[in-house]
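Notes follow once the structure below has been shown.
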Amino acid sequence: MQAGSGEFIDDVAALAVTTALADNAVYGPLLLPPADLDPQRMEQLWMALFRGSTDHNARARLATLIAASAVRRGDHHLTACAPVHAHGAPGASTVGLLFQQHASADVVEHELDEIAGRVGATRW
């Protein structure tokens with residue numbers, strides 16, 4: 451399995467990742483994934499999981515991950531679309547504000563790091 455490259459072997463692996471995102475210790479760090487991972491491949495992964503999920507909370511978290519990645523890359527179109535589906539997910543409102551305020555790259559990185567730390571430390 452190459453989840454970091456946006457690929458899964460099967461639906462069981464996809465379900466396992468989607469289920470793991472309910473745990474803030476997993477979800478939080480993914481708001482600011484390592485720079486060596488291809489963000490567009492990660493976004494493709496999140497989008498595939500989003501399309502395949504019927505759980506509102508999982509979809510909101512996946513939409514937040516998409517929005518966070520897109521705002522980090524400066525993709526204004528994707529960042530504008532993703533938060534519509536992110537309502538209620540930890541960090542979603544902050545990602546939306548970063549986009550609305552046209553935050554600079556260093557501010558985006560700092561804020562996403564802060565969100566990741568807070569969310570990751572919160573028990574689910």
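Okay, so the sequence shown: first residue is 451 according to my numbering, each after it adds one. All residues carry an ideal CB built from backbone N, CA and C; glycine is no exception. A quick note: this is a predicted structure, and the numbers were derived from the prediction, not measured.
- Beta-carbon to beta-carbon, P483 and M497 are separated by about 15 Å, too far to satisfy the 8 Å threshold.
- The beta carbon of A542 is closer than 8 Å to those of A510, A513, T514, A517, P533 and A536 in its chain, skipping five residues each way along the sequence.
- Counting along the chain, the unbroken alpha helix (DSSP H) around R491 starts and ends at P489 to G502.
- For D556, the three-state secondary structure derived from DSSP is helix.
- For L515, the enclosing alpha helix (DSSP H) begins and ends at H506 to R523.
- Only exposed fits G524, as fewer than 16 other CB atoms lie within 10 angstroms of its CB.
- Excluding its 5 nearest sequence neighbours in each direction, E561 has C-beta neighbours in its own chain below 8 Å: T544, L548 and A553, listed in chain order.
- Counted as a single uninterrupted DSSP element, the alpha helix (DSSP H) harbouring A464 occupies residues D461 to A470.
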